[in-house]
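Under this note's numbering, think of the first position of the sequence shown as 3, with each following residue one higher.
In this text, a Cβ means the ideal position worked out from N, Cα and C, and glycines have one as well.
Heads up: the structure comes next, in C-alpha cells.
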Amino acid sequence: MKYFRSHLGVKLFTSYILVIAIGMAVIWLTTIITTPRAYAHHLQFMEQRLGMGNGMMFGQGQGQQGGMMMDFYQSFRASFNESLIFAVISASLVALAVSFVLSRSVITPVRVMTNASRRISEGHYAERVQSQGTDELSQLAASFNQMASQLEQVEAMRRRLIGDVAHELRTPLTAIKGSAEGLMDGVLPANAETYQQIHNEAERLNKLVNDLQELSRVESKAINLNIQPVDVTRLIETVTKRMQFQFDEKRILLNRHLPHDPILVLADEDRALQVLTNLLGNALQYTPESGTVTVTIEREKNMAKFSVRDSGIGIPAEHLAHIFDRFYRVDKSRSRTHGGSGIGLTISKHLVEAQGGRIWAESNGENNGSVFVFTLPIA
Ligand SMILES: Nc1ncnc2c1ncn2[C@@H]1O[C@H](COP(=O)(O)OP(=O)(O)O)[C@@H](O)[C@H]1O
Ligand SMILES: [Mg+2]
C-alpha cells in the first residue's frame, strides 16, 4: 500500500488496468446477456427466408429437428465463449503493454524534473529540463526552467555582490593598515595629518557599511514608508537649508525653480528628502568650483517632476544606463577618492520606485553637465 501511495507511475498503471478490467467485464456481461436474444432473432429471420414454420428451428419445434437446432445453438455458444476468452486475454495483454508505456511516458518527464530540481538544490544552477509541446507537463517544465534561470541570476548577483563588497572594503582597510604600519616603522610622522588620514579612511568604511545596510534594507523592501501628502516647496526648502553651507563652501550657486501654486505629493517625507539629498550631493560632488546647480519642480499630468541639473563633469552616454546599478561608478578612482561607493543612486532608485515614481538621468556627455529627474505622484 505504501509503495502504491508513493509511486505516481504505479497509481497511473493501476488506474489504467482498472479501467481496462471494468471495460472487459462490461463487454463480457453484455455479450452473455444479449447473445441468446440476438441469436434467436437472427434464426427467426433465417427461418422465414427458408420458408419454414415459425419456431421450427429454435427449440420450439418438435422431434429431431428441434434437438438438432438446440445442439447447434450450444456449439455456437461454446465457440463464441472460446473466442471471447481469447479476445479478452489478447486484449488484456496488449492493454497491459500500452498502459505500461503510457504511464512511463507521463512519469518520465516528472522524474526528469525531480532529478533536475535535486541538482539545482545541490547548487548546479545551470540545470534545465527539455520542454516540448503545450500540455500541462510541458508547461510545468517551462516554468521550472524559468524558475531555474531566475535562481541562477539571483545566485550570480549574490556572488557578484559579495565580490564587490569585499573589494570596496579592501581599499580603505588597506589604507588604514598602510598608515598604521608606516607609523609603527617610523616611516610616517606621528602627527595630526597622519591621524586625520586614518580617521578619514575609517569614516569612509563607516559610510560604506551604513550604505550597504541601507541598500540591503531597500532591496529587500524592508523599509516602512509613511506615505502622506507632502508640500514639495517645503521639501526643497528643508534640503537646501541643510546643504547650503556645502554649496557655499565650494562656491557653487544653488538655484531653485519652484511652482507658483503649491503642489502636494504623496510621499514619505524623510525618504523623499533622502533622494533629494543624494542627488544634490552628487551634483555638488561632480561639479567643479564656481558651477551651478538648479533644482526645478514642475507638474506633469498626475506627477510632480523634480529635476536636479548641474553644470558639472557630465556622464558619457554609454554609462547613463548603468549609473543606477549598485557599485557602478563612471570613474572608479576619482569617485572613490571622494568617498563614493556607487550605492547612492541605487538606493535612490529603490526609494523613488517604492513611492510610485520613476528616476532617470540625462546628460549631453562629458563636461556638459547632467540632469537627474525623478517623479512622485501628486496627492
Ligand atoms: N551629477 C552627476 N554628474 C556626473 N556624474 C554623476 C552624477 N551623479 C552621479 N554620477 C555618476 O554616477 C555614479 C554613481 O553615483 P552614486 O550611486 O551616487 O555613487 P557615488 O557614491 O559614486 O556618488 C557616480 O560614481 C558618478 O560616476
Ligand atoms: Mg553619490
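For the pair Ala363 and Ile317, the CB atoms are nearer than the 8 Å cut-off. Boundaries of the alpha helix (DSSP H) harbouring Leu175: 138-187, taken from the DSSP string. When the five nearest sequence neighbours on each side are left out, the beta carbons in the same chain lying within less than 7 Å of the beta carbon of Lys252 are those of Leu286, Glu291, in order along the chain. The Cβ-Cβ distance between Ile254 and Thr289 falls below 8 Å. Look at Pro318 here: in three-state DSSP terms it is coil, with no helix or strand label. Judged by the Cβ position, Gly11 fails to qualify as a neighbour of ligand 1 at the 7 Å threshold, every heavy atom of the ligand being at least this far.
For Ile29, there is no enclosing beta strand (DSSP E); the residue is part of the alpha helix (DSSP H) that begins and ends at 10-52. DSSP places Ser218 in the helix class (H, G or I) of the three-state scheme. Under the Cβ criterion (8 Å, minimum of three pairs), the segment 300-307 counts as touching the segment 258-273. In this structure, the C-beta of Asn280 approaches ligand 2 to less than 7 Å from one of its heavy atoms. Beta-bridge analysis with DSSP links Asp233 to Leu266. Per DSSP, Val354 is one residue of the alpha helix (DSSP H) stretching across 346-356. Annotation for Gly11: Ser105, Ile109 place their beta carbon closer than 6 Å to its own, counting only its chain and skipping 5 residues before and after. The DSSP-derived three-state label of Ile254 is coil.
Straight through space, the alpha carbons of Leu227 and Thr196 are spaced by roughly 42 Å.
Distances taken from the Cβ of Asn284 to the heavy atoms of ligand 2 include one shorter than 7 Å. In the structure shown, Lys223 adopts coil according to DSSP, grouped into three states. The beta carbon of Val112 sits no closer than 7 Å to any heavy atom of ligand 1. Under the three-state reduction of DSSP output, His259 falls in the strand class.
Selection Ser365, Ser119, Gln230 evaluated against Glu320 yields Ser365 as nearest (Cα-Cα). Set against 7 Å, the gap from the CB of Val332 to the closest heavy atom of ligand 1 is smaller. Annotation: the continuous beta strand (DSSP E) that includes Phe376 extends over 372-379. Straight across, the Cα-Cα distance linking Ile178 with Leu190 is about 12 Å.
Ranking Ser343, Ala143, Arg51 by CA distance to the CA of Lys334 puts Ser343 first. Using a 10 angstroms sphere on the CB of Asp137, the tally of other CB atoms stays under 16, which defines it as exposed. Take Asp166, set aside five residues on each side of it, and the residues of its chain with a beta-carbon closer than 8 Å to its own are Arg328, Phe329, in chain order.
Between the C-alpha atoms of Gly53 and Ser107 there is a straight-line separation of about 59 Å.
Distance from the CA of Pro38 to the CA of Ala99, rounded to the nearest whole angstrom, comes to 34 Å. Exposed is the label assigned to His169, since fewer than 16 other Cβ atoms lie within 10 Å of its Cβ.
In terms of side-chain proximity, the C-beta atom of Gly367 is found no nearer than 7 Å to any non-hydrogen atom of ligand 2. In this chain, Phe6 is not harboured by any beta strand (DSSP E); it is covered by the alpha helix (DSSP H) spanning 4-7.
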